[in-house]
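Enquirer: Have a look at the structure that comes next, please.
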Amino acid sequence: MKSLAVQFRSFNGCARLLMVQQFTINTAFYMLMPYLAVHLAAGLGMAAWAVGLVLGVRNFTQQGMFLVGGTLADRLGYKPVIVVGCVLRTVGFGLLGFVSSLPALVVASAATGFAGALFNPAVRAYLAQEAGERRVEAFAAFNVFYQAGMFVGPLVGLVLLAADFRLICSVAAVLFLALTVIQLRMLPVRKETPSDESTGVLADWRTVIANRPFLLFALAMIGSYVLSFQVYLALPLQAHRAAPDRGDAVTTALFTVSAAVAVAGQLKITAWARARWSSQRAIVYGIALMGAAFLPLLIDAGPTTRGTGPLAWTAALSPLFAAVALLALGTAMVYPFEMDTVVSLAGGRLVATHYGLYNTVAGLGITLGNLTTGAVWDAADRLGHPELTWWVLAATGAFCAGSVGLLARSGRLTARPEPELAAAAS
Numbered sequence: 001m002k003s004l005a006v007q008f009r010s011f012n013g014c015a016r017l018l019m020v021q022q023f024t025i026n027t028a029f030y031m032l033m034p035y036l037a038v039h040l041a042a043g044l045g046m047a048a049w050a051v052g053l054v055l056g057v058r059n060f061t062q063q064g065m066f067l068v069g070g071t072l073a074d075r076l077g078y079k080p081v082i083v084v085g086c087v088l089r090t091v092g093f094g095l096l097g098f099v100s101s102l103p104a105l106v107v108a109s110a111a112t113g114f115a116g117a118l119f120n121p122a123v124r125a126y127l128a129q130e131a132g133e134r135r136v137e138a139f140a141a142f143n144v145f146y147q148a149g150m151f152v153g154p155l156v157g158l159v160l161l162a163a164d165f166r167l168i169c170s171v172a173a174v175l176f177l178a179l180t181v182i183q184l185r186m187l188p189v190r191k192e193t194p195s196d197e198s199t200g201v202l203a204d205w206r207t208v209i210a211n212r213p214f215l216l217f218a219l220a221m222i223g224s225y226v227l228s229f230q231v232y233l234a235l236p237l238q239a240h241r242a243a244p245d246r247g248d249a250v251t252t253a254l255f256t257v258s259a260a261v262a263v264a265g266q267l268k269i270t271a272w273a274r275a276r277w278s279s280q281r282a283i284v285y286g287i288a289l290m291g292a293a294f295l296p297l298l299i300d301a302g303p304t305t306r307g308t309g310p311l312a313w314t315a316a317l318s319p320l321f322a323a324v325a326l327l328a329l330g331t332a333m334v335y336p337f338e339m340d341t342v343v344s345l346a347g348g349r350l351v352a353t354h355y356g357l358y359n360t361v362a363g364l365g366i367t368l369g370n371l372t373t374g375a376v377w378d379a380a381d382r383l384g385h386p387e388l389t390w391w392v393l394a395a396t397g398a399f400c401a402g403s404v405g406l407l408a409r410s411g412r413l414t415a416r417p418e419p420e421l422a423a424a425a426s
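Take 1 as the starting number for the sequence shown in UniProt numbering and just add one per residue.
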């Protein structure tokens, strides 16, 4: 933690505020969202389709509107877009705890989703601008705060849930309200540079879409997002398969290990990789490690029960915990270099818009990837060969790493001249 403190203090006040802000955003979000489905179904007695609708609206409005959020950030400036996003989260989270009709819940869910679409690309573009040449280091530190919020949030929510779900919503809303006030007072106004106000939004979108190396990189990286999302899908399913009567407890432990690896190891992993490889090679090796993370699961010791001895528990669960640790290591290796590559391929122009489209592509890829993973899981079960799921995920990692490697070798991932660098050269 000492190295994190030193790294954190080495950035300017604005960058530090963005990191702390992301910790607060994730803490508030994850203290509420894991328990929302149960509240809607058990607390309000809603049908499963209605619960799915409320949750689906949030995901759709966030993933589908990232491009809009990034464009607004480049057009209006990062600060106002971040502030409006926090206001929307304040209202949305407040409503989720105190309304019970389906239309009102849909509106609240849409507000929370659109809020994420607003501040997600804006925060990353803002941090990239503030960090300058230290973008990789900044995103490494940023990810520590990001992962810490994901870890703390559910624990706080679990404690508050013992009192009332409305208390969770109230605390989350208050956190976002406090963020809004702090940002209004402390965040300086920043805008994408350079800015050409004579062009329209569609022209900006055409510019981003015409950036072929960026689009190819975004498409090649889809597999990495599908793999990282398995901590929410395939790995919890495997936890319940390996420990049928303790699946929830094992799943919680998996999340703990994943967050602990990121929080404790992110800065060291980034420094180690940066000292040895280029950004492109670090991404390739990191994705390859993410794919290889599923290979330990080929060792199947069968399900365990409460009466099973400690050796059997160790044999059954060790591959699962090895997989989640390796997946977290690979993700930590990739993330800072990936975020830096997006800025490099954007050439420092329309950075938030590039992040917005990048997140949209990743979100669509995750949706399709989850459908495919679920279908493979069911088919593997029917065939009596559960190991097929792990082979498919490992192959996904190999294909994704190979695709990024091909782009790098062809020169398509070469950084474009950024505005200040281009000005200095001329």
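Using N, Cα and C, we set each Cβ at its ideal position, and we do this for glycine too.
What whole-angstrom Cβ distance do A243 and L317 have, given they're in contact under 8 Å?
Expert: Right, the Cβ-Cβ distance comes to about 7 Å (below 8 Å), so this counts as a contact.
Enquirer: Contact check, L55 vs A37 under 8 Å by CB: the rounded distance?
Expert: Contact flag correct, Cβ pair sits at about 6 Å.
Enquirer: Expressed to the nearest angstrom, what Euclidean distance is found between the alpha-carbon atoms of V6 and E133?
Expert: Approximately 18 Å between the Cα atoms of the pair.
Enquirer: For T251, report the span of its alpha helix (DSSP H) as first-last.
Expert: That run of the alpha helix (DSSP H) goes 247–276.
Enquirer: Determine whether the beta carbon atoms of T331 and G286 lie at a separation below 9 Å.
Expert: Taking 9 Å as the Cβ cut-off, T331 and G286 qualify as a contacting pair.
Enquirer: Would you decide whether H39 is buried or exposed? Buried here means 16 or more other CB atoms lie within 10 Å of its CB.
Expert: With 16 or more Cβ atoms within 10 Å of its Cβ, H39 is classed as buried.
Enquirer: I need the DSSP call for S3, collapsed to helix, strand or coil.
Expert: Helix, per DSSP.
Enquirer: Just the Cα atoms here: how many angstroms apart are A172 and I182?
Expert: Whole-angstrom Cα-Cα distance: 15 Å.
Enquirer: What span of residues does the alpha helix (DSSP H) with F29 cover, start to end?
Expert: 13–38 is the span of the alpha helix (DSSP H), which, as asked, contains F29.
Enquirer: Flag this pair as touching only if the stretch 138–154 and the stretch 259–267 have three or more C-beta atom pairs under 8 Å; answer yes or no.
Expert: Taking 8 Å as the limit for Cβ pairs, the verdict is that the stretch 259–267 does touch the stretch 138–154.
Enquirer: Whose CA, out of V226, I25, R276, lies closest to the CA of L364?
Expert: Answer by Cα proximity: V226.
Enquirer: Please specify which runs of the alpha helix (DSSP H), each continuous and at least 4 residues long, are wholly inside the stretch 349–416, giving them in chain order.
Expert: Taking only runs of at least 4 residues, the alpha helix (DSSP H) segments lying wholly in the stretch 349–416 are 351–383, 387–409.
Enquirer: Since Q230 is in the alpha helix (DSSP H), which residue starts that stretch and which ends it?
Expert: Note, Q230: premise wrong, no alpha helix (DSSP H); not H, not E.
Enquirer: Please check the pair V208 and L357, which I expect to be a contact at CB under 8 Å, by giving their CB distance rounded to whole angstroms.
Expert: Between L357 and V208 the Cβ distance is about 6 Å, and since that is below 8 Å, they are a contact.
Enquirer: Measure the Cβ-Cβ separation of A292 and A394 and say whether it is below 9 Å.
Expert: Yes, they are a contact pair.
Enquirer: Please return the same chain residues whose Cβ sits closer than 6 Å to the Cβ of L187, not counting the five positions on each side in sequence.
Expert: These residues qualify, in order along the chain: K79.
Enquirer: S109 lies in the alpha helix (DSSP H); which residues open and close that run?
Expert: 102–131 is the extent of the alpha helix (DSSP H) around S109.
Enquirer: Could you tell me the boundaries of the alpha helix (DSSP H) in which N143 lies?
Expert: Element bounds for N143: 135–161.
Enquirer: Return the residue from the list L127, L320, L179, L167 that minimises the CA-CA distance to Q238.
Expert: Nearest of L127, L320, L179, L167 to Q238, Cα basis: L320.
Enquirer: Assuming F165 is part of the alpha helix (DSSP H), what are its boundary residues?
Expert: Counting along the chain, the alpha helix (DSSP H) containing F165 begins and ends at 165–186.
Enquirer: Does DSSP classify M290 as helix, strand or coil?
Expert: DSSP places M290 in helix when its eight states are reduced to three.
Enquirer: Give the range of the alpha helix (DSSP H) segment to which T71 is assigned.
Expert: That run of the alpha helix (DSSP H) goes 66–76.
Enquirer: Hey, quick one: how far does the alpha helix (DSSP H) through G52 stretch, first residue to last?
Expert: Residues 48–63.
Enquirer: Can you tell me whether DSSP reads G97 as helix, strand or coil?
Expert: In the structure shown, G97 sits in a helix (DSSP, three-state: H, G or I).
Enquirer: What's the gap between the Cα of V87 and the Cα of V144?
Expert: Each residue's Cα considered, the two are about 25 Å apart.
Enquirer: Any idea what DSSP makes of M221, helix, strand or coil?
Expert: In the structure shown, M221 sits in coil (DSSP, three-state: anything other than H, G, I, E or B).
Enquirer: Where does G85 fall in DSSP's three states?
Expert: Note: G85 maps to helix in three-state DSSP.
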